[in-house]
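Asker: Below is the structure I would like to discuss, written out as structure tokens.
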Amino acid sequence: MVDQLKDEDLVFSRAKPDVFGDAHPKALLKTIQEDGDALVKLANQHIISCDQFDRQTILQLFRLASKYESNPKRFNTPLKGKILISAFYEPSTRTRLSFESAWHRLGGDIMSITDRSTTGIAKGESLADIGEMFNNYGDCVVLRESNEDSVKEMTSTLRIPIINAGNGTDEHPTQAMADLYTIFKWRPELLKDNPQKIRVGIVGLPNYMRTVRSLLKIFSLFPEIFEEVVIIHDKTDDDIFTEGQREQLEEAGLNLRLTNRLNKELPELDVVYINAIAWVGDDFESHGDKFVLNAQSPLKEDGIILHPLARGDELSTDLDETPHNWYFSQARGAVFLRMALLTCMVERTEMVMDVI
Amino acid sequence: MVDQLKDEDLVFSRAKPDVFGDAHPKALLKTIQEDGDALVKLANQHIISCDQFDRQTILQLFRLASKYESNPKRFNTPLKGKILISAFYEPSTRTRLSFESAWHRLGGDIMSITDRSTTGIAKGESLADIGEMFNNYGDCVVLRESNEDSVKEMTSTLRIPIINAGNGTDEHPTQAMADLYTIFKWRPELLKDNPQKIRVGIVGLPNYMRTVRSLLKIFSLFPEIFEEVVIIHDKTDDDIFTEGQREQLEEAGLNLRLTNRLNKELPELDVVYINAIAWVGDDFESHGDKFVLNAQSPLKEDGIILHPLARGDELSTDLDETPHNWYFSQARGAVFLRMALLTCMVERTEMVMDVI
Amino acid sequence: MVDQLKDEDLVFSRAKPDVFGDAHPKALLKTIQEDGDALVKLANQHIISCDQFDRQTILQLFRLASKYESNPKRFNTPLKGKILISAFYEPSTRTRLSFESAWHRLGGDIMSITDRSTTGIAKGESLADIGEMFNNYGDCVVLRESNEDSVKEMTSTLRIPIINAGNGTDEHPTQAMADLYTIFKWRPELLKDNPQKIRVGIVGLPNYMRTVRSLLKIFSLFPEIFEEVVIIHDKTDDDIFTEGQREQLEEAGLNLRLTNRLNKELPELDVVYINAIAWVGDDFESHGDKFVLNAQSPLKEDGIILHPLARGDELSTDLDETPHNWYFSQARGAVFLRMALLTCMVERTEMVMDVI
Numbered sequence: 001m002v003d004q005l006k007d008e009d010l011v012f013s014r015a016k017p018d019v020f021g022d023a024h025p026k027a028l029l030k031t032i033q034e035d036g037d038a039l040v041k042l043a044n045q046h047i048i049s050c051d052q053f054d055r056q057t058i059l060q061l062f063r064l065a066s067k068y069e070s071n072p073k074r075f076n077t078p079l080k081g082k083i084l085i086s087a088f089y090e091p092s093t094r095t096r097l098s099f100e101s102a103w104h105r106l107g108g109d110i111m112s113i114t115d116r117s118t119t120g121i122a123k124g125e126s127l128a129d130i131g132e133m134f135n136n137y138g139d140c141v142v143l144r145e146s147n148e149d150s151v152k153e154m155t156s157t158l159r160i161p162i163i164n165a166g167n168g169t170d171e172h173p174t175q176a177m178a179d180l181y182t183i184f185k186w187r188p189e190l191l192k193d194n195p196q197k198i199r200v201g202i203v204g205l206p207n208y209m210r211t212v213r214s215l216l217k218i219f220s221l222f223p224e225i226f227e228e229v230v231i232i233h234d235k236t237d238d239d240i241f242t243e244g245q246r247e248q249l250e251e252a253g254l255n256l257r258l259t260n261r262l263n264k265e266l267p268e269l270d271v272v273y274i275n276a277i278a279w280v281g282d283d284f285e286s287h288g289d290k291f292v293l294n295a296q297s298p299l300k301e302d303g304i305i306l307h308p309l310a311r312g313d314e315l316s317t318d319l320d321e322t323p324h325n326w327y328f329s330q331a332r333g334a335v336f337l338r339m340a341l342l343t344c345m346v347e348r349t350e351m352v353m354d355v356i
Numbered sequence: 001m002v003d004q005l006k007d008e009d010l011v012f013s014r015a016k017p018d019v020f021g022d023a024h025p026k027a028l029l030k031t032i033q034e035d036g037d038a039l040v041k042l043a044n045q046h047i048i049s050c051d052q053f054d055r056q057t058i059l060q061l062f063r064l065a066s067k068y069e070s071n072p073k074r075f076n077t078p079l080k081g082k083i084l085i086s087a088f089y090e091p092s093t094r095t096r097l098s099f100e101s102a103w104h105r106l107g108g109d110i111m112s113i114t115d116r117s118t119t120g121i122a123k124g125e126s127l128a129d130i131g132e133m134f135n136n137y138g139d140c141v142v143l144r145e146s147n148e149d150s151v152k153e154m155t156s157t158l159r160i161p162i163i164n165a166g167n168g169t170d171e172h173p174t175q176a177m178a179d180l181y182t183i184f185k186w187r188p189e190l191l192k193d194n195p196q197k198i199r200v201g202i203v204g205l206p207n208y209m210r211t212v213r214s215l216l217k218i219f220s221l222f223p224e225i226f227e228e229v230v231i232i233h234d235k236t237d238d239d240i241f242t243e244g245q246r247e248q249l250e251e252a253g254l255n256l257r258l259t260n261r262l263n264k265e266l267p268e269l270d271v272v273y274i275n276a277i278a279w280v281g282d283d284f285e286s287h288g289d290k291f292v293l294n295a296q297s298p299l300k301e302d303g304i305i306l307h308p309l310a311r312g313d314e315l316s317t318d319l320d321e322t323p324h325n326w327y328f329s330q331a332r333g334a335v336f337l338r339m340a341l342l343t344c345m346v347e348r349t350e351m352v353m354d355v356i
Numbered sequence: 001m002v003d004q005l006k007d008e009d010l011v012f013s014r015a016k017p018d019v020f021g022d023a024h025p026k027a028l029l030k031t032i033q034e035d036g037d038a039l040v041k042l043a044n045q046h047i048i049s050c051d052q053f054d055r056q057t058i059l060q061l062f063r064l065a066s067k068y069e070s071n072p073k074r075f076n077t078p079l080k081g082k083i084l085i086s087a088f089y090e091p092s093t094r095t096r097l098s099f100e101s102a103w104h105r106l107g108g109d110i111m112s113i114t115d116r117s118t119t120g121i122a123k124g125e126s127l128a129d130i131g132e133m134f135n136n137y138g139d140c141v142v143l144r145e146s147n148e149d150s151v152k153e154m155t156s157t158l159r160i161p162i163i164n165a166g167n168g169t170d171e172h173p174t175q176a177m178a179d180l181y182t183i184f185k186w187r188p189e190l191l192k193d194n195p196q197k198i199r200v201g202i203v204g205l206p207n208y209m210r211t212v213r214s215l216l217k218i219f220s221l222f223p224e225i226f227e228e229v230v231i232i233h234d235k236t237d238d239d240i241f242t243e244g245q246r247e248q249l250e251e252a253g254l255n256l257r258l259t260n261r262l263n264k265e266l267p268e269l270d271v272v273y274i275n276a277i278a279w280v281g282d283d284f285e286s287h288g289d290k291f292v293l294n295a296q297s298p299l300k301e302d303g304i305i306l307h308p309l310a311r312g313d314e315l316s317t318d319l320d321e322t323p324h325n326w327y328f329s330q331a332r333g334a335v336f337l338r339m340a341l342l343t344c345m346v347e348r349t350e351m352v353m354d355v356i
């Protein structure tokens, strides 16, 4: 009977592919000099939008994330006694578990809400009132809600910090932070003087996909590292930005270019970011179905691929075993990035700084 | 871009309004003399109904709750190693999170059931059998179920304690305890000799709303503090009590009066308790829609408002910033009240007593 | 008012019936000599099927389970800092809570998925991709899924261990382990030389019920203890095994016999195992409704009853207070069995061995 079950089905290896190793985060850690003050001030802030960050805060969060990722077992109690309210009123595995894992790895406890229908919202309670209640129950809130105004409704009453983990078509700032963290982890030398600029392609809709909107905002804090940011889409050029969105990004120094042709761009792209899902109302829509990356795609030899969400047909699994695959590293790094952010938000920064 | 996001959206203050401060719970704590024996005996009891309590047990629980609330960070490990089974077969945010927060604050672990459809009940398992299983899985059960008999079905097999967190239209004893705790926290002098009696108005249906039923029962243990309890309702007077309910309350010494007119009573009410939701079967019903409290209501100058559940239109948010608002303190205090009760039920009372 | 509520409703006893006592697990513990190497190797294995075990591994797991059950409070930190991903895409109370309780009792933290509709599967994410994510989030996965191939899909990417907690109609190995553990706990002398063989009756379908399939596989590792294994079913004899299933069991040394008559067999059965539920697709089916055990059933005087799942009409509650009831002990023991398995899988075996 044992014959039917192959050994390879049973035995697994805990070893990690190279991009998951600690060389990259260690290199990034060395590249950024510690500045604890930038993090300490996060103790009094909600995290709502990528608009709210400056370069130094982002870099210090990346430094702390890379410190966690370089040595995952070193810190496991900074959040001891702290309670996270993990409120996901929209379906999610990845983001919810990424946050919850981050919290647990730091020693905290969690209360989860995973379904609107099981909660008081079913009785018509407002998010402002729920926020008032949350003050009594926990030390931090992570909220995902299909309504754009949800986070601001809740912050109107909160006296504990909240993280926007996706509010409709608006923003998903921690995902964008995790995305940029991956790019710096991949190539820490981008943070040195006169870096060799990179060309990034984004397959997606800046006006419709919260991950893309947030990503462009965080890119605009570091315009000097981008030769060009190419938006690859299947709409008309007039239909992919909300009012003023493009202008703001360009004023901040980003070189934007739009195109409908993915494969023509691929040979010149150092980073290809692909996303095919937009959350609209209570459901999701697929966009850009015609854009597909696979092992036959004319990728630049040392180009990497990022993908922020659950993968669909747009990203073939035959790329998983290639060096282009940094989307796994991206998902892994998101946990450490969130660990860094959460630590600061609940006033435990000083427990993990090198110099106090 | 930062302009779009206002600082006031991002920055929050951890400071609490006055009613949330520690002056009130500290005053209540001083008013009640410790009697640990009253609490120790709770280690062998289920919490099913307000009928089961005597004055001394209630007061000692309030004492412990006020001790917790006076110094929220002092005790954080009494429930270490203990497992709560949080079984909510009816939708809830407030009550579930209030219990779970209480348990986590004391250092315990939790397993949650948040939806009937995800459980063995879907396969037809009886509550008695589920209770038998729970004996093996945890140290305490909190149950919310739409069926009145649910708690007793489960106690038929339980060898660990259970708390009734709402069983259909029957009772919700810990909510009533939290309500009365708020009143004593607001005015600890009610516990001294010859207190100045208060007049309380209850907007709700004693025969139909479990919170009102439980509240009147716990009021009846302290008849000497109530000048009068006015039931404000929109039915006929014959239709708001179950058989014998009114007689029992009056025998216990409560002065009850019924009326259909809220605003006429308000100027004389020290406490107004308002609730518009009744759970019937698997859904809720609204009652008393015509009764509304807002900043224009003719409230007594130093009168306070209590509200046990998710707020609907019956309680205007323009009262939130007024001194009448003790409903936020009520929700906050419920966590500490539940901490007190849970500590006693799992045999950890001696870890938090002043004198051992 | 207190009169309405009887004392017997309120007061409970923490004392346990005899089969729940520690005499049986202690006796089993003494019967098996420790061999830590057999457990240490589990640190590199997924748990998919009963096919994968040998006698020594099973016995050592039973030894560790009986050590836990003999002294439930002795070990409470071996999994400190470890995170379980409890992924139940099919409804379950028992199995989920049994695993989660096991994990919590050993000091670990948990993230739960309790409903397919709340997860990324709703967006079409593959189990292989979910497995890749899980690598980043936790230290161990417990998976229940209605699809047979689900576990293997996930192991294709996992670098942390997974336990199959029921995959469609295929297997449920930890349940079978808990079942056999109960039999050895009931009669440890079965493990001595020349044991008095037992006759076991299984009411159920080996080709359709995952619990029965797994049970027969694990029985086949210990053929010397079974006089006979009688399959009691309401189909035709040709319709209860999948291809090759019967032959494999008989080659391993099991004496199998089939019948449609339960009561005729009962007087000779030392162990009756009854199960009426099969999971098929996204729902369950009932089988063998005509087979019922109750206090009038002609059970052998010292015969015992086992039941692996939520009880339906097939097992009358009037047997609960009889010595035939070992199904409660079976459910209780499953927690300790899972504690043993989980300890080994996350490389903490050495923390609980007698000799290191």
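Chains as they are written, first to last, in my numbering: chain C, 1 to 356; chain Y, 1 to 356; chain A, 1 to 356. Every residue gets a Cβ at the ideal spot worked out from N, C-alpha and C, and that includes glycine. Predicted, not measured: the structure shown is a model, and the values here were computed from it.
Which chain C residues sit within Cβ distance under 9 Å of T45 of chain A?
Answerer: With the sequence shown as reference, residue 45 of chain A is identified as Gln, and Thr is not the correct amino acid for it. In chain order: L10, V11 and F12.
Asker: Who pairs with G201 of chain A in a beta bridge, going by DSSP?
Answerer: In DSSP, G201 of chain A forms a bridge with A:V230 and A:V272.
Asker: Verify the CB distance criterion: does G81 of chain A have a CB-CB separation below 8 Å to chain C?
Answerer: Taking Cβ atoms only, chain C reaches closer than 8 Å to G81 of chain A, which makes this a yes.
Asker: Taking Cβ-Cβ distances shorter than 7 Å, what residues in chain A pair up with S49 of chain Y?
Answerer: The answer, in chain order, is L5.
Asker: Skipping 5 residues on each side, what residues in its chain have a beta carbon closer than 6 Å to that of T31 of chain A?
Answerer: Excluding sequence neighbours, T31 of chain A sits near P188 and L191.
Asker: Does DSSP put R159 of chain C in a helix, in a strand, or in coil?
Answerer: Three-state result, R159 of chain C: coil.
Asker: At a cut of 8 Å, does the stretch 31-42 of chain A reach the stretch 162-177 of chain A through at least three beta carbon pairs?
Answerer: The stretch 31-42 of chain A is not in contact with the stretch 162-177 of chain A.
Asker: In this structure, does DSSP put G124 of chain A in helix, strand or coil?
Answerer: It is coil, neither helix nor strand.
Asker: In chain Y, what lies closer than 7 Å to H172 of chain A by C-beta?
Answerer: In chain order: nothing, as chain Y lies at least about 15 Å away.
Asker: Which residues of the stretch 282-294 of chain C have a Cβ closer than 8 Å to any Cβ of chain A? Give them in chain order.
Answerer: Taking 8 Å as the Cβ-Cβ cut-off against chain A, the residues of the stretch 282-294 of chain C that qualify are F284.
Asker: Among all the DSSP beta bridges, which residues are the ones paired with S329 of chain Y?
Answerer: In the DSSP output, where bridge partners are listed per residue, S329 of chain Y has none listed.
Asker: For the stretch 17-53 of chain C, list the alpha helix (DSSP H) runs that are entirely contained and at least 4 residues long, ordered along the chain.
Answerer: Those alpha helix (DSSP H) runs which fall completely within the stretch 17-53 of chain C and span 4+ residues are 23-31 and 36-40.
Asker: Under a CB-based cut-off of 8 Å, is K16 of chain C close to chain Y?
Answerer: So, not an interface residue.
Asker: Can a CB atom of chain A be found closer than 8 Å to the CB of F222 of chain C?
Answerer: It does not: the Cβ of F222 of chain C has no partner Cβ on chain A nearer than 8 Å.
Asker: If the cut is a Cβ gap below 8 Å, which residues of chain C does E100 of chain Y touch?
Answerer: In chain order: M111 and Y137.
Asker: Note the first and the last residue of the continuous alpha helix (DSSP H) segment covering V212 of chain A.
Answerer: First-last of the alpha helix (DSSP H) with V212 of chain A: R210 to F219.
Asker: Please confirm whether L97 of chain Y has its beta-carbon closer than 8 Å to some beta-carbon of chain C.
Answerer: Chain C contact via Cβ: present.
Asker: Cβ atoms of T155 of chain Y and D9 of chain A: under 8 Å apart, would you say?
Answerer: It is a contact, given that the beta carbons lie within the stated cut-off.
Asker: Would you report the Cα separation of E224 of chain C and L205 of chain C, rounded to the nearest angstrom?
Answerer: Using only the alpha carbons, I get a separation of about 23 Å.
Asker: Would you mind stating whether V141 of chain Y and F99 of chain Y have Cβ atoms separated by less than 8 Å?
Answerer: No.
Asker: Got a sec, what are the start and stop residues for the beta strand (DSSP E) L143 of chain C sits in?
Answerer: C140 to E145 is the span of the beta strand (DSSP E), which, as asked, contains L143 of chain C.
Asker: If we cut at 8 Å on Cβ distances, does T155 of chain C have a partner in chain Y?
Answerer: It does; some Cβ of chain Y falls within 8 Å.
Asker: Whole angstroms are fine: how far does the CA of L221 of chain A sit from the CA of D193 of chain A?
Answerer: Going from the Cα of D193 of chain A to the Cα of L221 of chain A covers about 16 Å.
Asker: Measuring straight from C-alpha to C-alpha, what distance separates W258 of chain A and L84 of chain C?
Answerer: The sequence shown places Leu at residue 258 of chain A, not Trp. Distance between the alpha carbons of L258 of chain A and L84 of chain C is about 55 Å.
Asker: Per DSSP, what kind of secondary structure is G166 of chain C in: helix, strand or coil?
Answerer: Strand, per DSSP.
Asker: What is the residue span of the alpha helix (DSSP H) that A15 of chain C lies within?
Answerer: Premise fails: A15 of chain C is in no alpha helix (DSSP H) and is neither H nor E.
Asker: Could you name the residues of the stretch 321-337 of chain A whose beta carbon sits closer than 7 Å to any beta carbon of chain Y, in the order they occur along the chain?
Answerer: Listed in sequence order: F328, A331, R332 and V335.
Asker: List the residues that DSSP assigns as beta-bridge partners of L249 of chain A.
Answerer: For L249 of chain A, which the question treats as bridged, DSSP gives no partner whatsoever.
Asker: Check the DSSP bridge columns for F284 of chain Y and list the partner residues they point to.
Answerer: Paired residue(s): Y:W279.
Asker: Within the 8 Å Cβ cut-off, does D115 of chain Y reach chain A?
Answerer: Yes, contact with chain A.
Asker: Using beta carbons (cut-off 8 Å, strictly below), is R94 of chain C in contact with chain A?
Answerer: Chain A, which has a Cβ nearer than 8 Å to the Cβ of R94 of chain C, makes this yes.
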